[in-house]
Structures are given as structure tokens and as C-alpha cells.
Amino acid sequence: MAKQVIFTENAPKAIGPYSQAVRAGNTVYLSGQIPLVPETMEIISDDVVEQTTQVFKNLQAVCEAAGGSLKDIVKLNIYMTDLGNFGAVNEVMMQFFEQPYPARAALGVRALPKNVAVEIEGVMVLED
């Protein structure tokens, strides 16, 4: 099965040796997004709500570049440096998703790239 690299200018460029996403068959593996503003490659702010909102906007742009949307995501992994932000992250997520929600894991980690508060990666499945 051939793999297709997904890239869009509407999401931050990779800051390491990885692709924004890779499609294999009908499955798209979305690399972790942090709250970088694509145009400036700067962190949007220190506020976790603004950071989480930017992360979902970035994921949305990559999904669209792959021919899908956030509603096609079947699994999310959310990494937070402070699990005390769990409620705030959930509130933002509900602005971008409707039921049925994707499967999800939420993990507390010691640190994330560029000292951000949240990073989210996912798996999207497209229709035939």
C-alpha cells in the first residue's frame, strides 16, 4: 500500500523530521499539533484555551488537506503538561466536535515542544 504525505500551508510546518500527516489507504495519521500560528510559527499565547483552540484549528487544516474534516477523526491522543487543564481542554474540544465523539486518550506529560501546554495527534478514516 502506497503512503501519501499530506501538507498544507494552513497548518504549521513540521519542526522536525516528520510530515503533518500521512495517508495509507483510507486512514490518515495526523502528527501531533501544538498551538503554533501557521503564518508566524509562533505560539498563539500562554492561555490553555487559546492554545487548545489553535491546536484544533491546525488539525482541522490538515484534515481538510487530506480530503476530510474533524468529523472523520476516529481517535485522538491529547497530551497536557497540567492535567488540571482537563476541563478547559474538554470545553474547547466540544466546540469542534459533536457526538459521536472520537475515541480518545488524555495524558499528563512532563514537557512538550516549545514549552506549550497541549499537543494533540489523531487518526482519521476517510470514506471510500
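This note's numbering numbers the first residue of the sequence shown as 10 and each following residue consecutively.
Glycine residues also receive a C-beta, built at the ideal position from the N, C-alpha and C atoms.
All of these numbers come straight from a predicted model, not from anything done at the bench.
Could you tell me whether any Cβ in chain D is nearer than 7 Å to the Cβ of residue i?
i     : result
ASN86 : Given the protein chain composition of this structure (a single chain), no chain D is represented.
For residue i, does the count of other Cβ atoms within 10 angstroms reach 16, so buried, or fall short, so exposed?
i      : result
GLN108 : exposed
VAL134 : exposed
TYR88  : buried
ILE24  : exposed
Which of the three DSSP states, helix, strand or coil, is assigned to residue i?
i      : result
GLN29  : coil
MET102 : helix
LEU92  : helix
PRO121 : It is Leu, not Pro, that sits at residue 121 in the sequence shown. The answer is coil: DSSP assigns LEU121 none of H, G, I, E or B.
Name the one or two DSSP bridge partners that residue i has.
i      : result
GLN69  : Bridge partners of GLN69: none, in fact.
ALA115 : ILE87
VAL132 : TYR38, LYS84
Closest to residue i by C-alpha separation, out of the options, would be which residue?
i      : options              : result
ARG84  : THR17, PRO26, ALA112 : Here the sequence assigns Lys to residue 84, which means Arg is not the residue at that position. Measuring from the Cα of LYS84, the nearest candidate turns out to be ALA112.
GLY131 : ALA97, VAL118, LYS80 : LYS80
Discussion item. Any contact between the stretch 87-105 and the stretch 12-19? By contact I mean 3 or more CB pairs, one from each, below 8 Å.
Written reply: The stretch 87-105 is not in contact with the stretch 12-19.
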